[in-house]
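In what follows, a structure is listed as structure tokens, so that the remarks can point back to it.
In the working numbering, the protein residues as written are 1 to 265.
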């Protein structure tokens, strides 16, 4: 290549020789590389390898093998398309009443091709039923609660019916009760008041002599509410305590003082 200009076509390769050079077209092309590099039609010349299931298609610088119509694949690996077999007969109905389905199937042939058949492989249809089967009963929804039987602390109830559906042909009755009862309060009930226990008597202020003591109670056990009655009776009582001075001295003349008194009712 020394001393000589490179005049090979852009797609050709320049090969150095002793004292010269040569041009070579790329694989799949024909020509001298100096003036021409033309695509070689391998399909027209027979210079290709495609099996019997394919067709040769020329491309620039090469060729490809395309599967014939009805086949799928790449290159020389062509296979038949997946197709369905005919449907099988419908299966036999074995029940005399109620619900059952018949079934039929078909198979997808040549599934190894990688293209699955389109559509279902199984079909179902209801069996023809000539007689009805027993139907078990089922409850309806509960009715609304009834009005309370009293304004306070009364009862309310609700019912349901065994008609959704009703039992027929010897079917079972609905399980459980058809009525529910509950306590209700449509208004607040009156609460009558009741007395608490009496308090202790107040201490007696005198050792001897007479004095007044007292005790009290509250109407809060419970308190009257919502129009209930108040407690009957008094909430305050008084009593007497102690002894007459003459009686205290008489009982304890040696002590020179009065003895402690006690409550006098």
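Ideal Cβ placement from N, Cα and C applies to all residues, glycine included. Here the structure is a predicted model, which means the values were calculated and not measured.
query: Using alpha carbons as the reference points, say which of 11, 142, 88, 224 lies closest to residue 190.; result: 224
query: Would you please state the rounded distance, in angstroms, between the beta carbons of residue 70 and residue 79? I believe it to be under 8 Å.; result: Not really, about 10 Å apart at Cβ, beyond 8 Å.
query: So residue 9 and residue 33 are in contact, right, with Cβ under 8 Å, and what is the actual spacing, rounded?; result: 6 Å
query: Leaving out five residues before and five after residue 13 in sequence, what residues of the same chain have Cβ atoms less than 6 Å from its Cβ?; result: 24
query: Just grab the DSSP bridge partners of residue 120 for me.; result: Answer by DSSP bridge pairing: none, since residue 120 is not bridged.
query: Taking just the CA atoms, how far does residue 101 sit from residue 90?; result: 10 Å
query: In terms of alpha-carbon separation, which member of 37, 217, 231 lies closest to residue 237?; result: 217
query: Between the segment 160–179 and the segment 133–141, can you find at least three pairs of beta-carbon atoms closer than 8 Å?; result: yes
query: What alpha helix (DSSP H) runs, 4 residues minimum, are completely inside the segment 172–242?; result: none
query: Residue ranges of each alpha helix (DSSP H) run of no fewer than 4 residues wholly in the segment 5–58, ordered along the chain?; result: 42–45
query: Closest by CA to residue 339, which one among 232, 54, 104, 99?; result: Outside the shown range of the chain (1 to 265) lies residue 339, about which nothing can therefore be said.
query: Return yes when at least one heavy atom of the ligand SAH lies under 8 Å from the C-beta of residue 67, else no.; result: Here there are no bound small molecules, and the ligand SAH is not part of this structure.
query: Does the count of Cβ pairs from the segment 46–60 and the segment 81–100 closer than 8 Å reach three?; result: no
query: Check this for me: beta carbons of residue 221 and residue 201, under 9 Å apart or not?; result: no
query: By the 10 Å Cβ neighbour count, where 16 or more other Cβ atoms means buried, how is residue 63 classified, buried or exposed?; result: buried
query: Suppose you measure from the CA of residue 67 to the CA of residue 75; what does that come to, to the nearest Å?; result: 7 Å
query: CA-CA distance, residue 120 and residue 127?; result: 20 Å
query: Name the residue from 86, 143, 146, 31 whose alpha carbon lies nearest to the alpha carbon of residue 123.; result: 86
query: What first and last residue would you give for the beta strand (DSSP E) that runs through residue 62?; result: 62–67
query: Going by DSSP in three states, residue 76 sits in which element: helix, strand or coil?; result: coil
query: Which value, in whole angstroms, describes the spacing of the CA atoms of residue 108 and residue 41?; result: 40 Å
query: Who pairs with residue 154 in a beta bridge, going by DSSP?; result: 184
query: If residue 156 and residue 145 are in contact, beta carbons under 8 Å, what's the gap, nearest whole angstrom?; result: 5 Å
query: Roughly how many angstroms lie between the CA atoms of residue 20 and residue 59, to the nearest whole one?; result: 33 Å
query: For residue 100, report the span of its beta strand (DSSP E) as first-last.; result: No beta strand (DSSP E) holds residue 100; DSSP gives it neither H nor E.
query: When the Cα atoms are used, what is the spatial distance from residue 175 to residue 94?; result: 30 Å
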